[in-house]
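*Asks:* Pasting in a structure now, in structure tokens, and then I'll have a few things to ask.
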Amino acid sequence: MNFQIRYLTQYRYASPVTDNLNALRVKPATTSTQRCDEFLVRVDPETRQSRHADYFGTEVTEFGIARPHDHLTIDVRARVVTAPPPAPPQAPWEALASATYREAGGEYLLLTDDVPDDGSLDDLLAVLRAKSPLSTLLLLAELIPDRFEYRAGVTYVGSTIADLLDAGAGVCQDFVHLGLALLRRQGIAARYVSGYLFAAPEDGGSDSVEVDTHAWLEALLPGHDGRGEPVWVGADPTNRGLVGEQHVKIGHGRHYPDIPPVKGVFRGQSAAEFDASVQMTRLDPAASARA
13 MNFQIRYLTQ
23 YRYASPVTDN
33 LNALRVKPAT
43 TSTQRCDEFL
53 VRVDPETRQS
63 RHADYFGTEV
73 TEFGIARPHD
83 HLTIDVRARV
93 VTAPPPAPPQ
103 APWEALASAT
113 YREAGGEYLL
123 LTDDVPDDGS
133 LDDLLAVLRA
143 KSPLSTLLLL
153 AELIPDRFEY
163 RAGVTYVGST
173 IADLLDAGAG
183 VCQDFVHLGL
193 ALLRRQGIAA
203 RYVSGYLFAA
213 PEDGGSDSVE
223 VDTHAWLEAL
233 LPGHDGRGEP
243 VWVGADPTNR
253 GLVGEQHVKI
263 GHGRHYPDIP
273 PVKGVFRGQS
283 AAEFDASVQM
293 TRLDPAASAR
303 A
């Protein structure tokens with residue numbers, strides 16, 4: 013599939029600010045099933061930009077504006093081509109114990125600090141264990157939306173897994189954090205993915221839609237029958253299934269703090285008004301999904 017993406021972020025400050033430093037993780041990655049053909053960032057006020065790959069391999073665009081200014085506009089545009097991922101490998105649980113798998117999983121096997129240790133995940137863990145790691149991943153993508161309502165406004169960007177459990181509802185970021193904890197507790201390496209999702213209306217809708225940045229996860233599955241190299245397989249618990257060609261990956265990390273799309277600080281006492289939008293245009297036919 014071919015997509016044109018525009019990610020527009022605007023800040024308005026009540027009084028001038030200075031030393032506005034920002035780091036963007038917004039460029040579509042290049043992977044075995046995805047290619048970014050064009051990428052451009054325009055900043056107003058204009059300033060010099062620099063780019064580098066972070067620890068996890070995600071491209072970061074950085075810039076700073078030292079002079080006083082009362083607004084900031086970040087206009088990101090990209091064109092990307094995606095292809096359907098290959099069929100995921102099926103292997104027994106015993107394959108997770110191999111040295112090859114443990115080495116490939118690395119830090120993605122480790123729990124993060126926000127995972128509850130009070131037994132609150134035990135019920136979910138008991139239900140989740142299936143006949144194989146792949147079957148468990150597929151079950152996870154159904155279990156989380158079955159148990160928790162997708163509802164904006166009940167959690168925020170800093171919410172924890174405990175907040176999701178207490179509220180019984182959340183958004184894609186919350187679903188992914190819970191999914192990561194459940195998979196890692198089963199010995200399956202898993203990582204947080206940030207990206208864009210072409211989410212057409214249920215009736216097929218327009219070829220150009222306004223969406224939000226999206227989150228899903230990737231689980232490291234052993235090769236077929238436990239042989240060969242482990243493979244990262246994407247799953248989207250918000251949309252009840254494996255990731256497809258309508259998903260456009262930006263990058264990955266252990267959890268959300270490793271890959272926020274826009275992160276910045278400025279000097280000043282001013283309050284800021286914030287607005288962000290993502291417009292995705294499909295340049296060929298596509299399936300619909302929910303952001």
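My numbering numbers the first residue of the sequence shown as 13 and each following residue consecutively. Note that the Cβ used here is the ideal one computed from N, Cα and C, for glycine as well.
DSSP on residue 267, reduced to helix/strand/coil?
*Replies:* The residue given as residue 267 occupies position 255 in the sequence shown. In this structure, residue 267 counts as coil in the three-state DSSP scheme.
*Asks:* Kindly give me the distance between the Cβ atoms of residue 256 and residue 228, rounded to whole angstroms, as I take these residues to be in contact under 8 Å.
*Replies:* In the sequence shown, residue 256 corresponds to position 244, counting from 1. In the sequence shown, residue 228 corresponds to position 216, counting from 1. Wrong, their Cβ atoms sit about 10 Å apart, outside the cutoff.
*Asks:* Taking DSSP as the reference, what is the three-state secondary structure of residue 28?
*Replies:* Counting from one through the sequence shown, the residue named residue 28 turns up at place 16. It is a strand residue.
*Asks:* Does the contact criterion of 3 or more C-beta pairs under 8 Å hold for the segment 34–41 versus the segment 274–282?
*Replies:* Yes, the segment 34–41 touches the segment 274–282.
*Asks:* How would you write the range of the alpha helix (DSSP H) that residue 200 sits in, first residue to last?
*Replies:* For the purposes of this step, residue 200 is taken as residue 188 along the sequence shown, with counting starting at 1. Unbroken run through residue 200: none, as it is neither H nor E.
*Asks:* Closer than 6 Å by C-beta to residue 47: which residues in its own chain qualify, once you throw out the five before and the five after it? Chain order, please.
*Replies:* Start at 1 with the first residue of the sequence shown, and residue 47 comes out as number 35. 93, listed in sequence order.
*Asks:* I need the straight-line Cα distance from residue 63 to residue 74, nearest angstrom please.
*Replies:* For the purposes of this step, residue 63 is identified with residue 51 of the sequence shown, where counting begins at 1. For the purposes of this step, residue 74 is identified with residue 62 of the sequence shown, where counting begins at 1. Each residue's Cα considered, the two are about 6 Å apart.
*Asks:* What three-state label does DSSP hand residue 183 in the structure shown?
*Replies:* The residue labelled residue 183 in the question sits at position 171 within the sequence shown. Coil at residue 183, not helix or strand.
*Asks:* State the CB to CB distance for the pair residue 133 and residue 193, rounded to an integer number of angstroms; the pair is presumed to be in contact (CB under 8 Å).
*Replies:* The sequence position of residue 133 within the sequence shown is 121, counting from 1. The sequence position of residue 193 within the sequence shown is 181, counting from 1. Yes, residue 133 and residue 193 are in contact; Cβ-Cβ is about 7 Å, under 8 Å.
*Asks:* Cβ of residue 21 within 6 Å of any heavy atom in the ligand HEM?
*Replies:* Of the ligands one can find in the structure shown there are none, so the ligand HEM has no counterpart to examine.
*Asks:* Could you work out which residue in 235, 23, 17 and 164 is closest to residue 50 when comparing CA atoms only?
*Replies:* As a first step, residue 50 is located in the sequence shown; it is residue number 38 there, counting from the start. Closest by alpha carbon: 17.
*Asks:* By the DSSP assignment, the beta strand (DSSP E) with residue 285 in it spans what residues?
*Replies:* For the purposes of this step, residue 285 is taken as the residue at position 273 of the sequence shown. Run containing residue 285: 284–294, per the beta strand (DSSP E) assignment.
*Asks:* Can you have a look at residue 58 and say buried or exposed, based on whether 16 or more other CB atoms are within 10 angstroms of its CB?
*Replies:* Stepping through the sequence shown from its first residue, residue 58 is reached at position 46. Burial call: exposed.
*Asks:* Please report how far the alpha carbon of residue 287 lies from the alpha carbon of residue 86, in whole angstroms.
*Replies:* Start at 1 with the first residue of the sequence shown, and residue 287 comes out as number 275. Start at 1 with the first residue of the sequence shown, and residue 86 comes out as number 74. Going from the Cα of residue 287 to the Cα of residue 86 covers about 11 Å.
*Asks:* Buried or exposed: where does residue 301 fall if 16 or more other Cβ atoms within 10 Å of its Cβ makes it buried?
*Replies:* Numbered from its first residue, the sequence shown carries residue 301 at position 289. With a pLDDT of only 41 at residue 301, under the threshold of 50, the placement of this residue in the model should not be trusted; the figure read from the coordinates follows. Buried, by the Cβ-count rule.
*Asks:* Can you grab the Cα-Cα spacing for the pair residue 271 / residue 265, in whole Å?
*Replies:* Along the sequence shown, read from residue 1 onward, the residue named residue 271 stands at position 259. Along the sequence shown, read from residue 1 onward, the residue named residue 265 stands at position 253. Rounded to whole angstroms, residue 271 to residue 265 spans 6 Å at the Cα level.
*Asks:* Have a look at residue 108 and residue 291 and give me their C-alpha separation to the nearest angstrom.
*Replies:* The count along the sequence shown starts at 1 and reaches residue 108 at position 96. The count along the sequence shown starts at 1 and reaches residue 291 at position 279. Between residue 108 and residue 291, the C-alpha separation is close to 40 Å.
*Asks:* Out of 186, 125 and 81, which one is the CA nearest neighbour of residue 22?
*Replies:* Along the sequence shown, read from residue 1 onward, the residue named residue 22 stands at position 10. Among 186, 125 and 81, the Cα nearest to that of residue 22 belongs to 81.
*Asks:* Can you give me the start and stop residues for the beta strand (DSSP E) that residue 63 sits inside?
*Replies:* Stepping through the sequence shown from its first residue, residue 63 is reached at position 51. 61–65 is the extent of the beta strand (DSSP E) around residue 63.
*Asks:* What does the Cβ neighbour count give for residue 242, buried or exposed, with the cut at 16 atoms within 10 Å?
*Replies:* As a first step, residue 242 must be located in the sequence shown, where it is residue number 230. Buried: at least 16 other Cβ atoms inside 10 Å.
*Asks:* State the start and end residues of the unbroken alpha helix (DSSP H) segment that holds residue 321.
*Replies:* Residue 321 lies beyond the residue range present for the chain, which begins at 13 and ends at 303; the question has no answer from this structure.
*Asks:* Go ahead and label residue 303 buried or exposed: buried means 16 or more other beta carbons lie within 10 angstroms of its beta carbon, across all protein chains shown.
*Replies:* Residue mapping note: residue 303 aligns to position 291 of the sequence shown, counting from 1. Because residue 303 sits at a pLDDT of 40, beneath the cut-off of 50, its placement in the model cannot be relied upon, and the following sentence gives the value as read from the coordinates. Classification for residue 303: buried.
*Asks:* Using only the alpha-carbon positions, how far apart do residue 104 and residue 115 sit?
*Replies:* Numbered from its first residue, the sequence shown carries residue 104 at position 92. Numbered from its first residue, the sequence shown carries residue 115 at position 103. Rounded to whole angstroms, residue 104 to residue 115 spans 18 Å at the Cα level.
*Asks:* Under 8 Å, with one C-beta from each stretch per pair, do the segment 181–189 and the segment 160–172 reach the 3-pair mark?
*Replies:* Segments in contact, yes.
*Asks:* Cα separation between residue 40 and residue 258?
*Replies:* Here the question's residue 40 lines up with position 28 in the sequence shown. Here the question's residue 258 lines up with position 246 in the sequence shown. When rounded, the distance between both Cα atoms is 13 Å.
*Asks:* For residue 123 and residue 196, which I take to be in contact (beta-carbon distance under 8 Å), what is that distance rounded to the nearest angstrom?
*Replies:* Here residue 123 refers to the residue found at position 111 when the sequence shown is read from its first residue. Here residue 196 refers to the residue found at position 184 when the sequence shown is read from its first residue. Indeed, because the Cβ distance is near 5 Å, the residues count as touching under 8 Å.
*Asks:* Going by C-alpha to C-alpha distance, which of 52, 142 and 13 sits closest to residue 88?
*Replies:* Along the sequence shown, read from residue 1 onward, the residue named residue 88 stands at position 76. Taking only the C-alpha atoms, the option nearest residue 88 is 52.
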